[in-house]
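See below for the structure under consideration.
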Amino acid sequence: MPQKTKSKPVRRAAKNQGSDNKLISIRIPENMIEDLRKVASSKGDLGYQQLIKTYIAKGLVREESSKEGAQASAKGVVAPALKETLKKIGAPVLQIKKQERDNVAKLADSQIIAEDIRNLGQYLKPYHRYFSGKTFLITGAFGFLGRYMVHLLKYLNDEVLEKPARALLLDNFVTGYEQRVISDKNLIFHRHNVIKPFETAEDVDYIIHAAGIASPVYYTKYPIETMDVGTTGTRNMLELAYKKSVKSFIFMSSSEVYGDPDPKHVPTDETYNGNVSIMGPRSCYDESKRFGETMSLAFWRTYNVPVKIVRPFNVFGPGIRPDDFRVLPNFIEHALRKEPLPIHGHGKNMRSFCYINDEIEAIFRILFSEENGEAFNVGNPGPEISVRDLALLVAKAMPYKVDVVNIDPPHAVYASSDPKRRCPDITKLRKLTGFEPRYSLEDGLMRTIRWFCGE
Ligand SMILES: NC(=O)c1ccc[n+]([C@@H]2O[C@H](COP(=O)([O-])OP(=O)(O)OC[C@H]3O[C@@H](n4cnc5c(N)ncnc54)[C@H](O)[C@@H]3O)[C@@H](O)[C@H]2O)c1
């Protein structure tokens, strides 16, 4: 513990029980300021807040009500943002590139992700024998869902399996984070664009074709690549599955194959044929997934390749890219910056959200099933919630007041073609695989926010 060092008063915005901010002052010994700078530059405002809290808890710094703060809050003056305080101690302003680095660090040693993966390992206990000694090929392995699968394999290899699982992990990083976060000699990375055939001398037992460009903002930026990965990429993976006589093949399709469903078909089951625009801004994604499904079924019917189709409905959770503009990470990012949550348009469109652990559990249950030639909705039907109510839920989860604002949709893909409702009927999934969602929207949301905060 530092003794009798010089200290500088630093003002910060502190939360009280209500939603108003008040000013308090804390005295930080000068020799700690360097630590704060480091944390602020690597973890941003929240890391800094966390460290100050730790210092206070350990009695290393004193927290005291400041006269000025009390006067300010009495007058109803809004406390200065934490960024102002950071500027005072000279913390560098966060850069986008650095934010990406931080997110990768968060993936590497996140307690929340580690806990999720341990739980997932438990939930999948009846299937451990299917992993043991088998070789998996996962495309899009460095994307949001792919990384959880890779973490799971790593955990099973380290903690559970007598014979480790091997995996070939393919990604071209068009949208995935480039850095590797695990090292395991059995999990082998290949930088590979799946629109080119992939050759390997290894036997392959299972293929999960998860490569895709899933965020509307990115698929409008890369429409041709989006179509290529869903069409040619899928074809290449199916050819490989045939050559290797795999035990099972999953094509990661999307709930977008239903387009903007007729309200009579919401919740939507797998028999609904969809209402998809051929020419709209989303069609490059939607049609490529529809084509991918048809191609997968053709390989099942023609060559007996044991394909299963997964149609995810709005997955969220730790590891989701904060910068890919999907609705939940977008709200959380704004809320943590204490900025108003931007609702594109009226906010009345309805969605349902599936926590990532549920999604991954369901994918493996389907992979190891005998349900070849079948498509499965994978999501959590409850609750179906409007985008506005979702924003309010995120705002409510914050310890300070956050506003919600309606803005003009910044992009055509949201303005004209956003489906009005999206809610899965998962009766088939429940019946044929025994899957039941385990995480409520609130649980998942709190876990995701904690991850965004660096946990
Ligand atoms: N996350 C969801 O809510 C959701 C919803 C519906 C469907 N899906 C589908 O599930 C799959 C996984 O989703 P995600 O959220 O992990 O997506 P993601 O965008 O986070 O990851 C996809 C990965 O695929 C890689 N990729 C794209 N094109 C490639 C190519 N040609 N060759 C090799 N790699 C390529 C990207 O670099 C990225 O790492 C995708 O196919 C997506 O379309 C996801």
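Okay, so the sequence shown: first residue is 173 according to the numbering used here, each after it adds one. Every residue gets a Cβ at the ideal spot worked out from N, C-alpha and C, and that includes glycine.
If the five residues before and after Thr372 are omitted, its C-beta is found closer than 7 Å to the C-beta atoms of Leu340, all from its own chain and listed in chain order. Cβ contact annotation for Asp458 (same chain, cutoff 7 Å, sequence separation greater than five): Glu428, Val429, Gly431 and Val448, in chain order.
In this structure, the alpha-carbon of Asn549 lies about 14 Å from that of Arg462. For Tyr457, the enclosing alpha helix (DSSP H) has its first and last residue at Ser455 to Tyr475.
Measuring C-alpha to C-alpha distances from Ala286 to each of Tyr299, Phe308 and Arg319 identifies Arg319 as the nearest. Proximity of the beta carbon of Ser426 to ligand 1 is indicated: a heavy atom of the ligand is located closer than 7 Å. Distance from the C-beta of Ile310 to the nearest heavy atom of ligand 1 is not below 7 Å. Exclusion of the five residues before and after Leu333 leaves His300, Phe303, Ser304 and Gly305 as the residues of its chain whose Cβ lies within less than 8 Å of its Cβ.
Assigned with DSSP and collapsed to three states, Arg537 falls in helix.
Burial check for Asp615: the Cβ neighbour count within 10 Å stays below 16, so the residue is exposed.
Collapsing the DSSP output to three states places Pro514 in a strand. Relative to the Cα of Thr403, the nearest Cα in the group Ser355, Lys368 and Gly464 belongs to Gly464. Boundaries of the alpha helix (DSSP H) harbouring Thr406: Thr404 to Lys415, taken from the DSSP string.
Taking the Cα positions, Thr620 is about 5 Å away from Pro490.
Taking the CA atoms as reference points, Glu531 sits about 31 Å from Tyr572. Non-local beta-carbon contacts of Pro369 in its own chain, meaning distances under 8 Å to residues more than five positions away in sequence, involve Asn408, Glu411 and Leu412 in chain order. In the DSSP assignment, Glu331 falls outside any beta strand (DSSP E) and lies within the alpha helix (DSSP H) extending over Phe316 to Glu331. Shown here for Arg622: same chain residues with a beta carbon closer than 6 Å to its own, the five before and five after excluded, namely Ile284 in chain order. Inter-residue distance for Tyr390 and Asp400 is about 14 Å (C-alpha atoms, whole angstroms).
For Pro553 and Tyr378, the gap between their C-alpha atoms comes out near 28 Å.
Across the set Arg560, Leu359, Phe525 and His516, the C-alpha of Phe525 shows the shortest separation from the C-alpha of Arg610. When DSSP states are grouped into helix, strand and coil, Leu341 belongs to the strand group. Contact between Phe536 and Leu296 holds, with the beta-carbon distance rounding to 6 Å and staying under 8 Å.
Cβ contact annotation for Arg593 (same chain, cutoff 6 Å, sequence separation greater than five): Val438 and Met522, in chain order. Residue environment for Tyr475: exposed (fewer than 16 other C-beta atoms within 10 angstroms of its C-beta). Secondary structure of Tyr527 (DSSP, three-state): strand. In chain order, Leu341 place their CB closer than 6 Å to the CB of Phe361, counting only its own chain and leaving out the 5 sequence neighbours on each side. Separation of the CB atoms of Ala567 and Leu508 is rounded to 11 Å, and the pair is thereby denied contact status at 8 Å. Inclusion of Val479 and Leu317 in the CB contact set at 8 Å is not warranted, their separation being larger than that value. With respect to Glu331, Gly384 sits apart: the two C-beta atoms are not nearer than 8 Å.
Look at Ala569 here: in three-state DSSP terms it is helix. Around the CB of Lys436, fewer than 16 other CB atoms lie within 10 Å, so the residue is classed as exposed.
Between ligand 1 and the CB of Pro453, the shortest heavy atom gap is not smaller than 7 Å. If you check the C-beta of Glu533 against ligand 1, you find no heavy atom less than 7 Å away. DSSP places Arg483 in no alpha helix (DSSP H) but in the uninterrupted beta strand (DSSP E) bounded by Val479 to Pro484. Phe314 places its beta carbon less than 8 Å from that of Gly348.
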